[in-house]
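Student:
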Amino acid sequence: QHTATRCNSQGGCAVGLLFGLFLAYQVLNFFVWLAAKVFGFGAVMVCSKYPMGFCYWVVPPWVKPAVALFLLVTGIAPLLASIPNAISGAECPTYVVEQEALGGVEGVQLRRYESFPVAQMETKGRSARERMQNAFGRLTGYVTSMNKDPETGRKVNLGISGFLMIRKDGSGQPFVAALALPQKETRKVYPTPLDPQISVGTMESTLYAGTTLQGGLPEDSVLEELVDSVQDAAEAQGLRMKAAIVICQVMGEFKTEVLVPVATESDLATIVDVIATPAD
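For the sequence shown, my numbering assigns the number 1140 to the initial residue and increments by one for each residue that follows.
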């Protein structure tokens, strides 16, 4: 059995950090070049009227990349280096792998997720990526500040979440985006969302047939193939599946999860226990 409680991937963070540093260096190089052009134009205007000693200086070609590198090391690099620590501390729902190679299909597992609180809202878009993008900012806004504590009346920063889901509970039902809420402290009641489209509830303990794809959220055609493989594995195992399909982005580990809830004695997989309601 395998239990996962936090999002963490040193390899993914290292690659992202190096790529971010490369992009930042290119941007800084451009702005240093632009500043040099502006300064050079101003120096020409001044020196044409008031010849001074510095007018005859020649700036070595290595100065501009050296300035860009200095700014990168002293300013941008520390900021980027702090991101992996923040992401690796992002909380993800706990699950236990009940069975590997479900239905004889490698890479498909039978998982039991423990219950966890979520912030959710309906979302629209032509693709799974669009639906996640349309909801992500508003849901993270609730987690960080767009809320009101019912006891103190103040805004609460709940922490970092690394688990964003998109689900559809059946034909004709809207797509729902849900963000797992951090659980660093036990709360009986979560803050009230200031966004009237967001509600807070609980995803109860559920069995899922699931598989993992490393990397960012793929195109819908790839997701459909993954869903088909998971459903085939569940059918081969003799499990009854429910209509809801859950697509998850695990941001700390930079991977996509495809989860198909299977019918058990705990026939859940939907948010059923509303513990906070939108503000009026």
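For glycine and all other residues, C-beta sits at the position ideal for the given N, C-alpha and C.
Grab me the residues of G1246's own chain with a C-beta within less than 6 Å of its C-beta, minus the 5 sequence neighbours each way, in chain order.
Tutor: Cβ neighbours of G1246 beyond the five flanking positions: T1350.
Student: Using three-state DSSP, classify N1273 as helix, strand or coil.
Tutor: Here N1273 sits in helix by DSSP.
Student: Identify the continuous beta strand (DSSP E) that holds S1338 and give its terminal residues.
Tutor: Where S1338 is concerned, the enclosing beta strand (DSSP E) stretches over S1338 to M1342.
Student: Per DSSP, R1251 forms a beta bridge with which residues?
Tutor: DSSP output for R1251 lists V1235 and L1346 as bridge partner(s).
Student: Can you say whether R1293 is buried or exposed, counting buried as having 16 or more other CB atoms within 10 angstroms of its CB?
Tutor: R1293 is exposed by the Cβ-count criterion.
Student: Count the other C-beta atoms from every protein chain shown that fall within 10 angstroms of the C-beta of V1401, then say buried if there are 16 or more, exposed otherwise.
Tutor: Its Cβ being crowded by 16 or more others within 10 Å, V1401 is buried.
Student: Just curious, the beta strand (DSSP E) that K1394 is in, first and last residue?
Tutor: Residues K1394 to P1400.
Student: Is the beta carbon of A1205 closer than 9 Å to that of R1306?
Tutor: No.
Student: Please list the terminal residues of the continuous alpha helix (DSSP H) segment that includes K1203.
Tutor: Taken as a continuous stretch (DSSP letters only), the alpha helix (DSSP H) holding K1203 covers V1202 to L1210.
Student: Label M1271 either buried or exposed according to how many other C-beta atoms from any shown protein chain fall within 10 Å of its C-beta, with 16 as the threshold for buried.
Tutor: By the 10 Å Cβ count, M1271 comes out buried.
Student: So V1085 and L1362 are supposed to be a Cβ contact under 8 Å. How far apart are they, rounded?
Tutor: In the structure as shown, the chain begins at 1140 and stops at 1419. Residue 1085 is therefore absent and cannot be evaluated.
Student: Cβ of M1285 within 9 Å of Cβ of D1334?
Tutor: Yes, these two residues count as a Cβ contact at 9 Å.
Student: Helix or strand or just coil, what does DSSP make of R1265?
Tutor: In the structure shown, R1265 sits in coil (DSSP, three-state: anything other than H, G, I, E or B).
Student: Which value, in whole angstroms, describes the spacing of the CA atoms of Q1388 and G1301?
Tutor: Straight-line Cα distance between these residues: approximately 8 Å.
Student: Alpha carbons only, please: which of Q1259, K1203, Y1252 and R1268 is nearest the one belonging to F1170?
Tutor: Nearest of Q1259, K1203, Y1252 and R1268 to F1170, Cα basis: K1203.
Student: Beta-carbon within less than 6 Å of P1256's beta-carbon, same chain only, minus the 5 sequence neighbours each way: which residues are those?
Tutor: Answer for P1256: L1320 and T1341, listed in chain order.
Student: Could you check the C-alpha separation between G1264 and V1185 for me, to the nearest Å?
Tutor: When rounded, the distance between both Cα atoms is 56 Å.
Student: Tell me whether the beta-carbon of Q1370 lies closer than 9 Å to the beta-carbon of V1399.
Tutor: It is a contact, given that the beta carbons lie within the stated cut-off.
Student: Under a three-way DSSP split, which group does T1291 fall into?
Tutor: In the structure shown, T1291 sits in coil (DSSP, three-state: anything other than H, G, I, E or B).
Student: Given this structure, state the Cα-to-Cα distance separating D1308 from A1267, to the nearest angstrom.
Tutor: Each residue's Cα considered, the two are about 15 Å apart.
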